[in-house]
Every structure is written in C-alpha cells, then in structure tokens.
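Accompanying notes for the structure given below.
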Amino acid sequence: TLGGYALFTAALRHIPGRTAGLLAVTEAPAATLLAVLLLGERLEWPQVVGMGLILGAILLPRAITALQVRTLNARATTG
C-alpha cells in the first residue's frame, strides 16, 4: 500500500490533478473487474450497481459538456 501511494504521489508531479482524480476513482471498479477475471470472484448486483454509479459519475459531466458545446455551436451557425 505504501508503494502504491508513493507512486501515485510521484505521478502527481507529471499529470494534471483532474486526470489523477479520475484514475483514483476508477480504482474500485478496476479492482473488482480484475478480481472477477483473474481470481474467479462472483460479481453480485451491488457491485454492478456501484461500478455503474462510479462510471456514470465519470462520464455524465463529459457528456453534458459535449452536449452544451454542440448546442452552442449549432446556435452560432444558425444565427
């Protein structure tokens, strides 16, 4: 654990904080998927719901921003 935190802290010098935050948030879903794939763990519905919520929280703001940009561009071209 100490090594992982040390590497994460060292990486913060080289990547933006937003990227580091997104990577940190995806740690739980990634660990769950690795446990399923490598260790044969069973994936139960609470884990699926949790992963969906985490991924939704990551993707939803990006989708909203893209939609807003598209709407503004459409308004700018139509006058």
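If you read the sequence shown in the numbering used here, its first letter stands for residue 3, the second for the next number, and so on.
Ideal Cβ placement from N, Cα and C applies to all residues, glycine included.
Proximity below 9 angstroms, CB of residue i to CB of residue j
i, j, result
"residue 52", "residue 31", "yes"
"residue 22", "residue 9", "no"
"residue 60", "residue 24", "yes"
"residue 66", "residue 28", "no"
"residue 44", "residue 38", "yes"
For residue i, the three-state DSSP class (helix, strand or coil)
i, result
"residue 24", "helix"
"residue 14", "coil"
"residue 44", "coil"
"residue 80", "helix"
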